[in-house]
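Right, one structure below, let's go through it.
Protein chains in written order, with this note's numbering: chain A, 1 to 242; chain B, 243 to 347.
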């Protein structure tokens, strides 16, 4: 039996018993063929080692247990409708608003930091930055920039989280509806985004140094400014808020 | 050995492998089929059942220059179940060993 015959026979039984997510299952066996054949095995050998396709496919049969929700299609539709309205009018605008705030705050910090470091208020009328000595500008600008990087990482994680929550809700909704109609359900999705080890490392490598940079430059900026102005409340001396 | 019995053992071994690192389904099938007498394809239905029981989760990871591949990772619940089943299994094997040892002499 070659590869396409194995997959064909396997697929037929999956379709007969109405197994959900059959493409995903088949992809796993295709991957097995590819890895084994890369080791130098023939299609026939791999198929023989896998086992009888019909017998394997039957082990993916959906559970035969009676579904407790079955028959209440109307009530389920009503419930899902209420859940959808709550989700669309409550959770989605809340998440969207939060992301907009996080995004604008991050952008403002990044731009403000750059403006301070490059003293853009001298040349660009858009930035209104209070007067202070160059070294204060530089240190406080670096602090603001680091804070901007940090909140950008936060905004990125929130975006991933909300996207995953949206997907998890979609899956839950689909499963609830399928269960009400007695159709096969799919495994539920996790609410938290699954970040690969590589992504997690990268996020940490950006967030931790920017936090450290913020703390150091802010403290240094404060101390230097207080020293130069001769007052711990240096903003009064430089008349920032007059 | 009964099939149900074997499934439980495969589940425990798969949890042990995933406790160390995230794996492809292929890796689990490859390692387990060498130790447990089982057709290579039979590991995948067990992994799927473990997923729907919430013991493991899957994610796609893109390798350089290939199609995205499915990784299996242990969930928090999987870790708890693994710790409990591992202890249970070790005690079980020790007790059975003691009973069988009496016939040695």
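The beta carbon of each residue, even a glycine, is placed where N, CA and C say it ideally should be.
At a cut-off of 8 Å, the C-beta of residue 293(B) has a neighbouring C-beta in chain A.
Residues of the segment 174–196 of chain A with a C-beta less than 7 Å from any C-beta of chain B: 187, 190, 194 and 196, listed in chain order. At least one C-beta of chain A is nearer than 8 Å to the C-beta of residue 282(B). Shown in chain order are the members of the segment 303–334 of chain B whose Cβ falls below 9 Å from a Cβ of chain A: 303, 309, 311, 312, 313, 315 and 317. Contact residues of the segment 247–269 of chain B toward chain A are 267 and 268 (C-beta to C-beta distance below 7 Å).
Using a CB distance cut-off of 8 Å, residue 35(A) counts as an interface residue toward chain B. Shown here, residue 61(A) sits in coil according to DSSP, grouped into three states, outside any helix or strand.
Residues of chain B with a Cβ closer than 7 Å to the Cβ of residue 28(A) are, in chain order, 267, 286 and 312. Taking a Cβ-Cβ threshold of 9 Å, none of the residues of chain B is close to residue 109(A); the smallest such distance is about 32 Å. Taking a C-beta distance under 8 Å as the contact criterion, residue 311(B) and residue 303(B) qualify as a contact pair. Judged by DSSP in its simplified three-state form, residue 11(A) adopts helix. Contact of residue 162(A) with chain B is not assigned, every C-beta pair being separated by 8 Å or more.
Not a single CB atom of chain B sits nearer than 8 Å to the CB of residue 117(A).
Under the three-pair Cβ rule at 8 Å, the segment 136–156 of chain A does not count as touching the segment 33–43 of chain A. Beyond the five residues adjoining it in sequence on each side, residue 210(A) comes within less than 6 Å, by CB distance, of 146, 149 and 150 in the same chain, given in chain order. Residue state for residue 42(A) is assigned as coil, using DSSP reduced to three classes. Cα atoms of residue 340(B) and residue 298(B): separation of roughly 34 Å, rounded to the nearest angstrom.
A Cβ-Cβ distance of about 27 Å is found for the pair residue 99(A) and residue 217(A), leaving them out of contact under the 8 Å criterion. Burial state of residue 285(B) is buried, judged by a 10 Å Cβ sphere holding 16 or more other Cβ atoms.
Per DSSP, residue 298(B) is one residue of the beta strand (DSSP E) stretching across 298–303. When DSSP states are grouped into helix, strand and coil, residue 311(B) belongs to the strand group.
If you check the CB distance, residue 6(A) and residue 47(A) come in under 8 Å.
The C-beta distance from residue 165(A) to residue 225(A) rounds to 43 Å, too long to fall under 8 Å, and the pair is not in contact.
In this structure, the straight-line span from the alpha carbon of residue 185(A) to that of residue 255(B) is close to 27 Å.
When secondary structure is reduced to three states using DSSP, residue 102(A) falls in the helix class.
Below the 8 Å Cβ cutoff, chain A contributes no neighbours of residue 277(B), its closest Cβ being approximately 15 Å away.
Of all alpha-carbon atoms in 90(A), 13(A) and 156(A), the one lying nearest the alpha-carbon of residue 199(A) is that of 156(A). Less than 8 Å separates the beta-carbon of residue 266(B) from that of residue 313(B). Against chain B, the CB of residue 120(A) has no partner CB under 8 Å away; the residue lies outside that interface.
The shortest C-alpha to C-alpha distance from residue 29(A) to any of 292(B), 283(B) and 296(B) is the one to 283(B). Counting other Cβ atoms within 10 Å of its Cβ, residue 53(A) reaches 16 or more and is therefore classed as buried. Remark: three or more beta-carbon pairs, one from each stretch, lie closer than 8 Å, so the segment 18–36 of chain A and the segment 268–275 of chain B are flagged as touching. Within the DSSP bridge table, the entry for residue 316(B) names 298(B) as partners. Proximity of residue 25(A) to chain B, defined by a Cβ-Cβ separation below 8 Å, is satisfied.
Here residue 141(A) is buried. Its C-beta has 16 or more other C-beta atoms within 10 Å.
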